[in-house]
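Chains as they are written, first to last, in my numbering: chain A, 1 to 341; chain B, 342 to 699.
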């Protein structure tokens with residue numbers, strides 16, 4: 001057990017190291033000179049030289065990397081010159097918006113995928129199966145920003161069912177008091193139903209858009225494992241006990257089929273992070289993803305660097321959580337098999 | 342003078358009320374030209390307390406029959422004709438829900454492969470208590486403690502040693518024999534009138550097989566359940582069952598009291614099956630197999646399916662052209678049925694059956 005944990009930790013550390021080195025090196029290889037960017041085109045060469053020294057850019061690359069890493073660990077993530085704030089502050093302010101969006105996207109994707117997979121396998125109907133499979137293909141095959149735009153055109157512009165891309169709340173609606181930083185949860189906690197509905201309506205389209213690709217991925221995975229499980233004898237035995245086919249599928253098939261899907265959670269988080277960058281821009285969602293897009297355009301490398309490293313951390317953490325969960329959920333991994341006779 | 346208890350014992354297989362009536366059941370898989378008829382026009386009646394063996398080779402339709410009765414055919418299989426009456430109700434008329442309710446109280450099933458018979462992620466206790474809740478009226482509102490005791494008692498009844506510990510275990514921690522005992526415990530959690538056991542011991546080693554058969558026999562006797570025992574092993578049937586149906590290519594070819602059929606098989610196929618059983622006593626004999634292969638069930642039936650392999654009817658015109666009926670044979674115990682045109686000729690040369698033609 002300790003060995004497994006140890007090897008997982010080492011693996012995580014290696015992943016993080018490679019991610020940080022990669023992003024560091026790539027950003028340093030770009031032609032733009034940060035000192036020039038900060039001081040502007042009219043600065044004198046001497047001033048540039050001075051700024052470069054101040055930024056540590058005259059140091060060798062590995063020294064720069066070490067300095068950066070130590071600083072990152074201490075919360076010195078650099079300065080966001082575009083917004084005039086430290087990167088850390090900027091990211092922390094925007095993180096709740098992204099997390100809330102990601103939470104709902106993951107929720108919709110998971111619930112949707114479970115329902116769709118059960119319907120596809122349980123109904124034994126080609127039509128139902130085909131509909132969900134097409135939806136999954138669309139989700140996996142189309143760029144999320146395009147889906148977001150199309151959804152906006154349809155539901156906001158044309159049908160007027162949902163608000164357009166104006167951020168987390170409508171005009172004139174005050175954010176609820178801060179407890180969890182999630183607007184929907186805070187609104188509910190403080191009993192502001194109007195605010196909750198408004199926040200939820202604003203959240204619905206971006207969350208669905210962001211969740212569509214993970215839905216597609218998860219659905220295909222679940223459908224496959226549920227198909228396999230549904231051919232297993234133990235489901236017949238459960239029906240033999242007196243459950244209907246649906247009861248057996250829901251009570252015994254789904255829990256077993258969900259196990260392989262757990263592995264995918266890490267990948268789903270990666271998909272969500274990647275998707276959020278463009279989806280947030282399309283919906284003007286004040287999250288980290290939007291910040292990253294703006295920073296790339298403004299060549300604010302500090303932000304991009306922090307974002308990549310944070311994503312890598314999220315990915316690694318998620319995978320470790322999944323590994324731990326596996327042992328909790330699957331009795332076959334919980335203890336070594338000692339066969340009773 | 343003649344009191345009710347002094348009446349001579351009569352065979353329960355002829356007078357007890359039927360618990361299962363299968364009438365002209367036909368089960369098919371697939372559609373169109375590739376359609377396979379796995380069970381063809383099978384009729385059989387099992388009476389209360391009867392132990393019926395169903396014997397046949399792989400692919401003779403016995404498993405399809407076992408699954409069609411409780412309505413648990415696998416994907417692609419369906420009942421295309423005939424009726425299944427359990428407790429005088431036609432299963433095909435029932436909704437899936439009502440069908441499931443009937444499986445709780447009237448028919449329960451034990452499957453062949455104990456390794457896959459249990460949910461891999463639920464504890465034994467959780468699975469057995471689910472069966473108790475479903476099968477025993479009133480058990481739903483039972484306290485946890487009472488349920489625990491019930492599960493333990495049931496497992497002990499099925500000869501699981503150390504039941505208290507096994508309850509907390511998961512299927513992968515149990516051996517095949519233990520898993521089959523758990524599966525049997527779930528099947529007999531209530532007082533089902535009929536238990537269908539589809540090759541319950543085939544996947545187990547011989548010693549375990551004998552133990553489990555003995556246990557199963559005791560457990561069903563305690564509940565006075567009838568059993569339909571499906572196997573390819575005639576030796577097991579002859580030890581375990583009162584009556585036997587021999588299946589070949591989706592049809593019942595011979596039926597009758599087990600002892601009589603084993604001692605004096607009438608259908609050439611049954612004769613072949615019995616000749617293939619090694620005997621532990623008596624002089625050494627070479628085992629005789631049945632030559633040839635079972636027919637392809639996707640091909641249409643014309644004449645007797647066994648004709649190409651039959652030692653009596655091979656090449657005989659009537660056997661090739663007409664499907665024989667499952668006819669009663671008068672003159673014997675009156676309970677025997679054989680599907681053979683040449684049943685009189687088939688018995689010739691087989692001691693100790695009397696040569697009636699001569």
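Every residue gets a Cβ at the ideal spot worked out from N, C-alpha and C, and that includes glycine.
Note that this is a predicted model, so its numbers are computed, not measured.
inquiry  = Give me, in chain order, the residues of the same chain whose beta-carbon lies closer than 8 Å to that of residue 39 of chain A; leave out the 5 immediate sequence neighbours on both sides.
reply    = Result list for residue 39 of chain A: 47, 48 and 51, in chain order.
Please say whether residue 527 of chain B and residue 468 of chain B have beta carbons closer to each other than 8 Å? yes
- [ ] Run the CB neighbour count on residue 393 of chain B, radius 10 Å, all protein chains shown included, and call it buried at 16 or more, exposed below.
- [x] buried
**Asked** Hey, quick one: how far does the beta strand (DSSP E) through residue 378 of chain B stretch, first residue to last?
**Response** Taken as a continuous stretch (DSSP letters only), the beta strand (DSSP E) holding residue 378 of chain B covers 377-388.
Can you grab the Cα-Cα spacing for the pair residue 214 of chain A / residue 648 of chain B, in whole Å? Cα to Cα, the separation comes out at about 59 Å.
Short CB-CB distance (under 8 Å) between residue 411 of chain B and chain A: yes
Open item on the list: Just to make sure I have the definition right: I need the residues of chain B whose C-beta is within less than 7 Å of the C-beta of residue 133 of chain A. Which are they?
Closed with: Residues of chain B passing the Cβ test: none, with the nearest at roughly 18 Å.
- Query: Comparing alpha-carbon positions, which option in A:6, A:21 and A:9 lies nearest residue 305 of chain A?
  - Reply: A:21
message = Can you tell me whether residue 370 of chain B is helix, strand or coil according to DSSP?
response = Strand, per DSSP.
If we define contact as Cβ-Cβ less than 8 Å, is residue 470 of chain B a contact residue for chain A?
no
| request: Would you mind telling me which residues of chain B sit closer than 8 Å to residue 232 of chain A, beta carbon to beta carbon, in chain order? | output: Chain-order list of chain B residues neighbouring residue 232 of chain A: 457, by C-beta distance under 8 Å.
Exercise for review: Using a Cβ cut-off of 8 Å (strictly closer), state whether residue 331 of chain A contacts chain B.
Suggested key: yes
Strictly under 8 Å for the Cβ-Cβ distance: is residue 349 of chain A near chain B by that measure? Outside the shown range of chain A, which is 1 to 341, sits residue 349 of chain A, and nothing can be said about it.
Next on the checklist: Using a Cβ-Cβ cutoff of less than 7 Å, which residues in the same chain neighbour residue 253 of chain A once the five nearest sequence positions on both sides are dropped?
Outcome noted: 226, 229, 230 and 235
- Query: Looking only at C-alpha atoms, which of B:575, B:409, B:655 and B:574 sits nearest to residue 440 of chain B?
  - Reply: B:409
I want to see whether chain A comes within less than 8 Å of residue 593 of chain B, judged by CB atoms only; does it?
Between residue 593 of chain B and chain A, the shortest Cβ-Cβ separation is not below 8 Å.
- [ ] On a CA-only basis, which of A:115, A:257 and A:316 is nearest residue 16 of chain A? Give me that one, please.
- [x] Of the candidates A:115, A:257 and A:316, the residue whose Cα lies closest to the Cα of residue 16 of chain A is A:316.
Is there a Cβ from chain B that is less than 8 Å from the Cβ of residue 239 of chain A?
yes
| At which residues does the beta strand (DSSP E) containing residue 129 of chain A begin and terminate? | Per DSSP, residue 129 of chain A belongs to no beta strand (DSSP E); it is in the alpha helix (DSSP H), 126-141.
* **residue 413 of chain B - DSSP class collapsed to helix/strand/coil** => coil
Would you call the segment 489-496 of chain B in contact with the segment 203-217 of chain A, where contact means no fewer than 3 C-beta pairs closer than 8 Å? no
Quiz prompt | Nearest-angstrom Cβ-Cβ length linking residue 466 of chain B and residue 509 of chain B, presumed shorter than 8 Å | solution = 7 Å
So for residue 342 of chain B, helix, strand or coil by DSSP?
Residue confidence for residue 342 of chain B is low, a pLDDT of 40 falling below 50, so the modelled location carries little weight; the figure read from the coordinates is stated next. In this structure, residue 342 of chain B counts as coil in the three-state DSSP scheme.
Q. Among A:173, A:154, A:299 and A:131, which one has its Cα closest to the Cα of residue 27 of chain A?
A. A:299
**Prompt:** In the DSSP assignment, what are the bridge partners of residue 449 of chain B?
**Reply:** Secondary-structure assignment with DSSP links residue 449 of chain B through a beta bridge to B:536.
message: I want to see whether chain B comes within less than 8 Å of residue 226 of chain A, judged by CB atoms only; does it?
response: no
*Could you tell me which of B:472, B:452 and B:679 sits nearest to residue 415 of chain B, measuring between CA atoms?*
Among B:472, B:452 and B:679, the Cα nearest to that of residue 415 of chain B belongs to B:452.
Please give the ranges of any alpha helix (DSSP H) in the segment 445-496 of chain B, keeping only runs that are unbroken, at least 4 residues long and fully inside the region.
465-476
**Asked** Excluding five sequence neighbours on each side, which residues of the same chain lie with their C-beta closer than 6 Å to the C-beta of residue 405 of chain B?
**Response** Excluding positions up to five away in sequence, the list reads 368, 379 and 380.
Report the neighbours of residue 256 of chain A on chain B: residues whose CB is nearer than 8 Å to its CB, in chain order. 460, 461 and 462
Residue 292 of chain A: which of A:144, A:68 and A:90 sits nearest, CA to CA? Among A:144, A:68 and A:90, the Cα nearest to that of residue 292 of chain A belongs to A:90.
Against chain D, with Cβ distances strictly below 8 Å, would residue 252 of chain A count as a contact?
In the structure shown, chain D does not exist; the protein chains are A and B.
### Chain-ordered neighbours of residue 221 of chain A on chain B, where CB pairs are closer than 8 Å
Ordered by position in chain B, no residue passes the 8 Å Cβ test against residue 221 of chain A, which lies about 17 Å from the chain.
DSSP state of residue 256 of chain A, grouped into three classes? helix
> Is any beta-carbon of chain A found at less than 8 Å from that of residue 438 of chain B?
Replying inline: Yes, its Cβ sits closer than 8 Å to a Cβ of chain A.
- What did DSSP end up calling residue 79 of chain A once you bin it into helix, strand or coil? strand
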